[in-house]
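Everything below concerns the one structure shown next.
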Amino acid sequence: MSDEAPISSPVSPVEKPAAYRVLARKYRPKDFSDLMVGQEPMVRTLTNAFETGRIAQAYMLTGVRGVGKTTTARILARALNYKTGEIDKPTIDLRVPGEHCQAIMDGRHVDVIEMDAASHTGIDDIREIIEQVRYRPVSARYKVYIIDEVHMLSTQAFNGLLKTLEEPPEHVKFIFATTEIRKVPITVLSRCQRFDLRRISASDLVGLFSTILSKEAVPFEPEALAMVARAAEGSARDGLSLLDQAIAHGGGSVEMETVRSMLGLADRARIVDLFEHVIKGDAAAALDEFAAQYEAGANPTVVLTDLADFTHLVTRMKYVPEAANDQSLSEIERQRGAEFAGSVAVTTLSRIWQMLLKGIPEAESSARPAGAAEMVLIRLAHAAHLPSPEEAARRLLELSGGEPGEGRPAPARNGGNTQSQAAQPPVQARSVEAAPMQRPSGNGATMLRAVPDAAAQPISVGRIEERPAPVAAKPEPKVPVNSVSDIAELCAKNRDIKLKTLVRGFLRLVHIEPGRLDVNLPDDAPKTLLNELAVKLKEWTGIHWVVSYSREPGEPTLVEAEQRAQEQRVNDARQDPDVAAILARFPGARITDVRIRAAEEEAETLAPAAAESADGDIVPGDDIE
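In full-length UniProt numbering, the protein residues as written are 1 to 625.
Here it is as structure tokens:
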């Protein structure tokens, strides 16, 4: 046995593959040049602010998920603390990495404190920040506090932050990020510069995806990237996550069919075919097309959503033809969308849109989404045969004999010649309808078709005799009511003393006619007076009454009128020489009441005359033969 130790050959250690970084983290923007995708206004504002030295003490970043709020906050913190051998001031030119840049972008710099307000919502967390702001930064220029989802802070936490936020030390900057800007108190917003990060357009997302896939050497189809961009809904992070999933699903490539199956989408061309069946009212063809898409793996809710998206596209192209230039659209969507925009009425598109908005939640919440989606398609196809609301209103006016200009066709005019209208055959207004967009012929004839029978052939007739619509005679009440006094007497006659008192004291007449009474009421009038009066008038007069409140001042109430008359009589009495002499002769005397005795004396005179007339004597007014 040899004493020599065995010679061991060196074994090289096995190298571990580098951990895979998802695309959303690998291609996260590192400077303002990367943020130019969709956020140009914010970058321009910050550029001008940094160049002029007008740097705010607090910033508020708001936007939907995945548009880059936290990333923008880190880039802003990097720009505030930028320092190299040549540059030692805040700047937005970050092409050359500075001393603090990498640590800030990795979220591990000691002077850039990031806090998630979703898990630190209390006043104690804010009190800790307030106590730390007095200390200067360790190595950077500014101590920067980045608070994400700031709207999650409690009311006490917001109140505790206000004073420090308004007058922070010169070495402290605050950067807030939130997706719910309306939940942030206005007192906090007023102390911050606000930047609204916009949704990234589908065309910008397609450009971003193609650039990243070219760097990753991943083959792709442009149509597949358009599908991913639409599904991302303006969020770069969501889009890159879906792109990662599409690469894995396609085995290293991004193809249209694999993306469609991954997202449960229907073929866009087949969605266009489904839209065509719906607007034609062909329910059977629409159901067959939906069944084929469902069997191919399309989600029923997604099919209805895509149908709503195409409806919106057609409507938009009707008013904005440049919408067809969107890079996220397929060639079929561009061509056929433009065709539908020129042929389908806006009322039809609006009706389809409204019905889909109600039908999509039904399909989502249903235990049988496919059946619910089919029922929505059946309703859509059935509604294609129905008239629009405007057309229905026009026909209703025609059937009810409306005036010309309100739906009823005006009489045709034959130049300046006047023909005997009695020679024209009578046409019933309820049985004919002017054909839409039908011009009069050379002899002034108009083409008409019967409304009840849509298949009836048009018939040519002469000018329609314009007959005035019969005016329904207004019902006359059993008891004439022409004034508030009549109403008060009617109350007294029916022994409703309470209502009589209210009528006399509160009713200010504006307008009265059989069946209608417009009045003004003082502020202290009972709220139920008008309803009670309408019920009683209908009961006492035998016709329906509409009693309404008017803002016009109206006539004085009966009580007010009597008071004014009494005041006038008192004033007239004071002017009488005899009364003035009596008042002067007796100091302290006053006029308490003035009565007119002429009417009483006349009644006393007529009473004996009436009695004599009953005995056969001649009285004035009798006829003598």
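We treat Cβ as the ideally placed atom computed from N, Cα and C, and that holds for glycine.
This one's a predicted model, so the numbers in the text were calculated from it and none came from an experiment.
Could you tell me if the beta carbon of residue i falls within a distance shorter than 7 angstroms of some heavy atom in the ligand SAM?
{"i": "Ala117", "result": "The ligand SAM is absent from the structure shown, which contains no ligand whatsoever."}
Since residue i is in the beta strand (DSSP E), which residue starts that stretch and which ends it?
{"i": "Asn520", "result": "516-520"}
In three-state terms, what does DSSP make of residue i?
{"i": "Ser460", "result": "Residue confidence for Ser460 is low, a pLDDT of 39 falling below 50, so the modelled location carries little weight; the figure read from the coordinates is stated next. If DSSP states are grouped into helix, strand and coil, Ser460 belongs with the strands."}
{"i": "Phe220", "result": "strand"}
{"i": "Asp486", "result": "helix"}
{"i": "Asp326", "result": "coil"}
{"i": "Gln39", "result": "coil"}
{"i": "Arg595", "result": "coil"}
{"i": "Tyr20", "result": "coil"}
{"i": "Asp273", "result": "helix"}
{"i": "Glu233", "result": "coil"}
{"i": "Gly53", "result": "coil"}
{"i": "Ala454", "result": "Residue placement at Ala454 is flagged as unreliable, the pLDDT there being 42, under the threshold of 50; a coordinate-derived value is accordingly withheld."}
{"i": "Leu213", "result": "helix"}
{"i": "Asn48", "result": "helix"}
{"i": "Ala492", "result": "helix"}
{"i": "Leu386", "result": "coil"}
{"i": "Lys280", "result": "helix"}
{"i": "Gly207", "result": "helix"}
{"i": "Ala412", "result": "Because the pLDDT of Ala412 is 43, which lies under 50, any placement of that residue in the model is unreliable, and the number read from its coordinates should be weighed accordingly. Note: Ala412 maps to coil in three-state DSSP."}
{"i": "Ala589", "result": "coil"}
{"i": "Arg28", "result": "coil"}
{"i": "Asp34", "result": "helix"}
{"i": "Gly252", "result": "coil"}
{"i": "residue 658", "result": "In the structure displayed, the chain extends from 1 to 625; residue 658 sits before or after that span and is not available."}
List the endpoints of the continuous alpha helix (DSSP H) containing residue i.
{"i": "Val302", "result": "300-319"}
{"i": "Ala248", "result": "236-249"}
{"i": "Ser261", "result": "256-263"}
{"i": "Arg336", "result": "331-343"}
{"i": "His382", "result": "369-383"}
{"i": "Gln361", "result": "Reading off the sequence, residue 361 comes out as Pro, not Gln. Unbroken alpha helix (DSSP H) run through Pro361: 346-365."}
{"i": "Pro389", "result": "389-399"}
{"i": "Tyr294", "result": "283-295"}
query = What beta strand (DSSP E) runs, 3 residues minimum, are completely inside the UniProt domain "AAA+ ATPase" (55-201)?
reply = Here the runs fully enclosed are 58-62, 112-116, 143-148, 172-178, 193-196.
Alpha helix (DSSP H) segments (min. 4 residues) lying fully within the segment 497-585 = Secondary structure remark: continuous alpha helix (DSSP H) runs of at least 4 residues inside the segment 497-585, in chain order: 497-506, 529-541, 558-575, 577-585.
key: Any 3 or more C-beta pairs closer than 8 angstroms across the segment 308-319 and the segment 335-354   = Contact between the segment 308-319 and the segment 335-354 is present: 3 or more CB-CB pairs across the two stretches fall below 8 angstroms.
message = Quick check: the segment 86-101 against the segment 121-131, are at least 3 beta-carbon pairs closer than 8 angstroms?
response = Segments in contact, no.
query = Touching or not, the segment 169-176 and the segment 145-155, by the rule of three or more beta carbon pairs under 8 angstroms?
reply = Cβ pair count under 8 angstroms is three or more, so yes.
inquiry  = So, does the segment 99-117 touch the segment 35-49, judging by three or more C-beta pairs under 8 angstroms?
reply    = The segment 99-117, when compared against the segment 35-49, does not touch it at the 8 angstroms Cβ threshold.
key: Inter-stretch contact at 8 angstroms, needing at least 3 Cβ pairs: the segment 228-238 / the segment 194-208   = Contact holds: three or more Cβ-Cβ distances are below 8 angstroms.
request  = Could you tell me whether the segment 286-296 touches the segment 376-389, using the rule of 3 or more Cβ pairs below 8 angstroms?
outcome  = The segment 286-296, when compared against the segment 376-389, does touch it at the 8 angstroms Cβ threshold.
task = Please determine if the segment 557-574 and the segment 486-506 are in contact, where contact requires at least 3 C-beta pairs separated by less than 8 angstroms.
result = Judged by Cβ distances under 8 angstroms, the segment 557-574 makes contact with the segment 486-506, as three or more pairs qualify.
inquiry  = Across the segment 571-583 and the segment 523-534, are there enough close Cβ pairs to call them in contact, namely three or more that are closer than 8 angstroms?
reply    = Segments in contact, no.
request  = Answer yes if the segment 485-500 comes into contact with the segment 547-555, meaning at least three C-beta pairs across the two stretches below 8 angstroms, and no otherwise.
outcome  = The count of Cβ pairs closer than 8 angstroms, one atom from the segment 547-555 and one from the segment 485-500, stays below three, leaving the stretches out of contact.
message = With three or more beta-carbon pairs closer than 8 angstroms as the criterion, would you say the segment 152-167 touches the segment 59-66?
response = At 8 angstroms Cβ cutoff, the stretches do not touch.
query = Are the segment 66-85 and the segment 132-142 touching, with three or more C-beta to C-beta distances below 8 angstroms?
reply = These segments touch.
contact_flag[the segment 381-390, the segment 322-336] where n(CB pairs < 8 angstroms) is 3 or more = Too few Cβ pairs lie closer than 8 angstroms, so no.
request  = May I ask you to verify whether the segment 214-234 touches the segment 80-87, counting CB pairs closer than 8 angstroms and requiring at least 3?
outcome  = No: fewer than three Cβ pairs fall under 8 angstroms.
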